[in-house]
Amino acid sequence: MSQLLYRLGLFAARRAWAVILVWTAILGIAVGAAATAGGSFTTAMTIEGVPAQKTIDKLAENFPDASRGVGQVIFHTANGKAFTEAEKQAIRDVLAKVGTMNAVSETINPFDAQSALNDQRDELNQAPDDIAAAQAKIDKGRADVADGRVALIDGANEIAANVSKLVSAEKELKAGEAALLSNETNLLGFQAHLTAEIAELEAYGDAAPAEQLAALRAQLAEVNAGLQQVAAGKAEITAGKDEIARAWWLIESGRRDIASGTAELDAAETALDEGQAELDTQAAKIAPAQSLIAAAAEFRVVSSDGATAIGTVLFETPITEVETADRTGVADALTKLNAASDNPNIRVEVSQDLLRSLDSLLGVGEIVGLVVAAVTLFVMLGTLIGAGLPVLAALIGVGISAAITFALSAV
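Going by numbering that gives the first Met the number 0, the residue at position 267 of the sequence shown is 266; the numbering climbs one at a time, nothing skipped.
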C-alpha cells in the first residue's frame, strides 16, 4: 500500500497540471450536475426498511399530532411588569394570524393554555374531596338499601303471620257456618212439626185443650226466635267472608308491594355497584394525574409574575420538512410585535427552529471551522503553503462529494 501511494504521489507531482485540471473538471461536472438536477436541502432523512424508520412511520401514521413540527416564541414585557389586557389581546391576535399562514396547523395561546392548566390543577386538587363526598353518598345509599331489605323482610314475616291467622279464621268461619246451617235445618223441621200439631189442635175448635195449644205456640215462638238468630248468624257469616276476602286482597297487595320494593332495591343496588365501579376507576386515575401534576408543579407557559409567556406554533409536517420561507414567514409575523407602535412594551424572541436555514452548504459554522483548521495547520507546519494545501484538497473533496450527493438527491 505504501508503494502504491508513493507511485500515485509521484505521478501527481510529475504531472501536476494534468492532475489539477482533472480534479477541476470533476469538480465542475459535479457542480454543474448539482445546479441543474433540481435537488433541495433538507434535514429530513429516511432509510427504508430499518427498524427505526418503521417505528417513525408507525408513529406518524397512528399519532400524526406527535410528528408535527413545533416552533416556540417567547413574549415578555420591556418594563418587567405583567402583561396588560391590551397586550394579551395583541399576542392573541398575532398568534391567530399566524395560525392561518401556510404550513401552520394551529397555534397555542399561552394565556389560554395557562388558564386551562390552572383549572386542571384546581380540579385535581378538588377531586379527592369530590370522591370522598361521592363515596359517602354511595355508602349512605347502601345503608338505605340494607334498611329497606330489613323492612321488606319484616313485612313479609308479618304477611306470613297474618296468612296463618287468616287461614285459621277462615276455618273457624266455615265450621260456624256449617253448625249454623245444621241448626237452621233442625229448627225448620221442628217449626214444621209444631205448626202441624197446632193446626191439628186448632181444628177441634173450642174443644181443643187450651194448655197444650198454648205450650205448642210457646215452643213455636221459641223456634221462630231461633230462626231469627240463625238469620242474624248468616249475616255475620257473610260479613266475615267479606272481611276475610278483603284481608286476602290486602295480603296479595302487600306481596305485590314487597315484590316491587325488592325489584326497586335490586335496581338501586345495581346502580350503586355501577357508581362504585366508576368511582373506583376515577380514583385510580387521580393518583397518576396528581403525581404528574406534582412533577410539573413548576411548569408554566406564563410566568408567575405575568411578565413572560411562551407561545407555540404547530406545523402540519415535521419541522425538518417545513419550507424555509414558511418558517421565516412565521418568525417575521411574530417579530413584527417588536416594532408595533400600539404595543411598544412587548418583546418577542423566536426559537432557532423558526430561524435556522438549510439553503446552502456554507454557513458561519463551516467558515469558522475552516479558519480554525487553517490556523492549526499553520502553527504546526510553519508555512502557509503547507497549511493551505490540505485545506484546499479537503475543500475540493468535500465540494465534489457534496455536489454529487446534492445532484443525486433529485433522483
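Think of the CB as a built atom: it goes at the ideal place given N, C-alpha and C, for glycine as much as any other residue.
Span of the alpha helix (DSSP H) around A178: Translated into the one-based positions of the sequence shown, residue 178 becomes position 179. P109 to E201 is the span of the alpha helix (DSSP H), which, as asked, contains A178.
Check whether G310 and Q71 have beta carbons under 8 Å apart: For the purposes of this step, residue 310 is identified with residue 311 of the sequence shown, where counting begins at 1. For the purposes of this step, residue 71 is identified with residue 72 of the sequence shown, where counting begins at 1. Cβ distance < 8 Å, so G310 and Q71 count as in contact.
T261 versus Q190: straight-line alpha-carbon distance, rounded: Mapped onto the sequence shown, residue 261 falls at position 262. Mapped onto the sequence shown, residue 190 falls at position 191. Q190 has its alpha-carbon roughly 60 Å from the corresponding atom of T261.
Secondary structure of G31, DSSP reduced to three states: By 1-based counting over the sequence shown, the position of residue 31 is 32. Secondary structure of G31 (DSSP, three-state): helix.
Contact under 8 Å by Cβ, A339 with V97: For the purposes of this step, residue 339 is taken as the residue at position 340 of the sequence shown. For the purposes of this step, residue 97 is taken as the residue at position 98 of the sequence shown. No.
Limits of the unbroken beta strand (DSSP E) element including E348: Taking the sequence shown and counting its residues from 1, the one referred to as residue 348 is at position 349. Per DSSP, the unbroken beta strand (DSSP E) holding E348 starts and ends at I345 to V349.
Environment of L186 [buried if 16+ CB atoms lie within 10 Å]: The count along the sequence shown starts at 1 and reaches residue 186 at position 187. Classification for L186: buried.
The segment 107-121 contacting the segment 305-321, beta-carbon criterion three pairs below 8 Å: A contact exists between the segment 107-121 and the segment 305-321.
Three-state secondary structure assigned by DSSP to G396: Taking the first residue of the sequence shown as position 1, residue 396 is located at position 397. Residue state for G396 is assigned as helix, using DSSP reduced to three classes.
Cβ-Cβ distance between N117 and D325 below 8 Å: Working through the sequence shown from its first residue, we reach residue 117 at position 118. Working through the sequence shown from its first residue, we reach residue 325 at position 326. No.
Alpha-carbon spacing of V69 relative to V347, whole angstroms: In the sequence shown, the residue the question calls residue 69 occupies position 70. In the sequence shown, the residue the question calls residue 347 occupies position 348. When rounded, the separation of the alpha-carbon atoms in V69 and V347 is 17 Å.
Completely contained alpha helix (DSSP H) runs for the segment 272-346, where each covers 4 or more residues: Counting only runs of 4 or more, we get 323-334.
C-beta contact flag for E365 and S104 at 8 Å: Here residue 365 corresponds to residue number 366 of the sequence shown, with the count starting at 1. Here residue 104 corresponds to residue number 105 of the sequence shown, with the count starting at 1. Taking the C-beta atoms as reference points, S104 is found no nearer than 8 Å to E365.
Buried or exposed by the 16-neighbour rule on C-beta atoms within 10 Å, applied to T375: Along the sequence shown, read from residue 1 onward, the residue named residue 375 stands at position 376. Around the beta carbon of T375, a 10 Å sphere encloses fewer than 16 other beta carbons of the protein chains shown; the residue is thus reported as exposed.
Contact set for E176: own chain, Cβ-Cβ below 6 Å, skip 5 residues either direction: Start at 1 with the first residue of the sequence shown, and residue 176 comes out as number 177. So the qualifying residues of the chain are I236.
Pairwise C-alpha distance: V349 and N342: What you label residue 342 is simply residue 343 of the sequence shown in a count that begins at 1. What you label residue 349 is simply residue 350 of the sequence shown in a count that begins at 1. Rounded to the nearest whole angstrom, the C-alpha separation of N342 and V349 is 18 Å.
Burial state of E86 (16 or more Cβ within 10 Å): Reading the sequence shown from its first residue, position 87 is the one you call residue 86. Answer is buried; the Cβ neighbour count reaches 16.
Where T35 falls, given that 16 or more other Cβ within 10 Å makes a residue buried: Here residue 35 refers to the residue found at position 36 when the sequence shown is read from its first residue. Classification of T35: exposed, given that the 10 Å Cβ count is below 16.
According to DSSP, residues forming a beta bridge with F74: Here the question's residue 74 lines up with position 75 in the sequence shown. For F74, which the question treats as bridged, DSSP gives the partners A308 and V347.
When D241, E268, K80 and I250 are compared against D146, the one with the closest alpha-carbon: Against the sequence shown, residue 146 aligns to sequence position 147. Cα-wise, what sits closest to D146 is E268.
Residues of its chain near G154, where Cβ-Cβ distance is below 7 Å and the 5 sequence neighbours each way are ignored: For the purposes of this step, residue 154 is taken as the residue at position 155 of the sequence shown. If you ignore the 5 residues before and after G154, its C-beta comes within less than 7 Å of the C-beta of G253 and I257, all in its own chain and listed in chain order.
Rounded Cβ spacing between A406 and A32 (contact assumed at less than 8 Å): Mapped onto the sequence shown, residue 406 falls at position 407. Mapped onto the sequence shown, residue 32 falls at position 33. A406 to A32, Cβ: 4 Å. Contact.
Cross-strand partners of E105 (DSSP beta bridge): On the sequence shown, position 106 is the one that residue 105 refers to. According to DSSP, which records beta bridges pairwise, E105 is partnered with L313.
Exposed unless 16 or more other CB atoms sit within 10 angstroms - verdict on A330: For the purposes of this step, residue 330 is taken as residue 331 along the sequence shown, with counting starting at 1. Buried, by the Cβ-count rule.
Simplified DSSP assignment, three categories, for V419: Outside the displayed range of the chain (0 to 410) lies residue 419, so it cannot be described from this structure.
Classification of V370 by the beta-carbon crowding that lies within 10 angstroms, buried from 16 upward: Taking the sequence shown and counting its residues from 1, the one referred to as residue 370 is at position 371. So V370 counts as exposed.
Nearest to T184 (by Cα), restricted to the options I73, L9, R148 and Q227: For the purposes of this step, residue 184 is identified with residue 185 of the sequence shown, where counting begins at 1. For the residues I73, L9, R148 and Q227, the minimum Cα distance to T184 belongs to Q227.
Sufficient close CB pairs (3 or more, under 8 Å) joining the segment 156-173 to the segment 239-254: A contact exists between the segment 156-173 and the segment 239-254.
Boundaries (first-last residue) of the alpha helix (DSSP H) holding R67: Locating residue 67 in the sequence shown gives position 68, counting from the first residue. Boundaries for R67: no alpha helix (DSSP H) harbours it, and the DSSP string shows neither H nor E there.
At least 3 beta-carbon pairs within less than 8 Å: the segment 276-286 vs the segment 126-139: Yes: the two stretches touch, three or more of their Cβ pairs being nearer than 8 Å.
Which listed residue (G27, T382 and A244) has its alpha carbon closest to that of E169: By one-based count along the sequence shown, residue 169 stands at place 170. Out of G27, T382 and A244, A244 has the C-alpha closest to the C-alpha of E169.
CB contact flag (V419, L336, <8 Å): Because the chain in this structure spans residues 0 to 410, residue 419 falls outside the shown range and cannot be described.
8 Å Cβ cutoff, Q275 in contact with chain C: The chain labelled as chain C is not found in the depicted structure, where only one protein chain is given.
F82 burial status per 10 Å Cβ neighbour count (16 or more: buried): Sequence index remark: in the sequence shown, residue 82 carries index 83 (1-based). F82 should be labelled buried.
Whole-angstrom distance between A11 and V18, CA atom to CA atom: Walking along the sequence shown from the start, residue 18 turns up at place 19. Walking along the sequence shown from the start, residue 11 turns up at place 12. C-alpha separation (whole angstroms): 6 Å.
Cβ shell of I137 (< 8 Å), same chain only, five flanking positions each side left out: Taking the first residue of the sequence shown as 1, we reach residue 137 at position 138. So the list reads L271, G274, Q275 and L278, once near-sequence residues are dropped.
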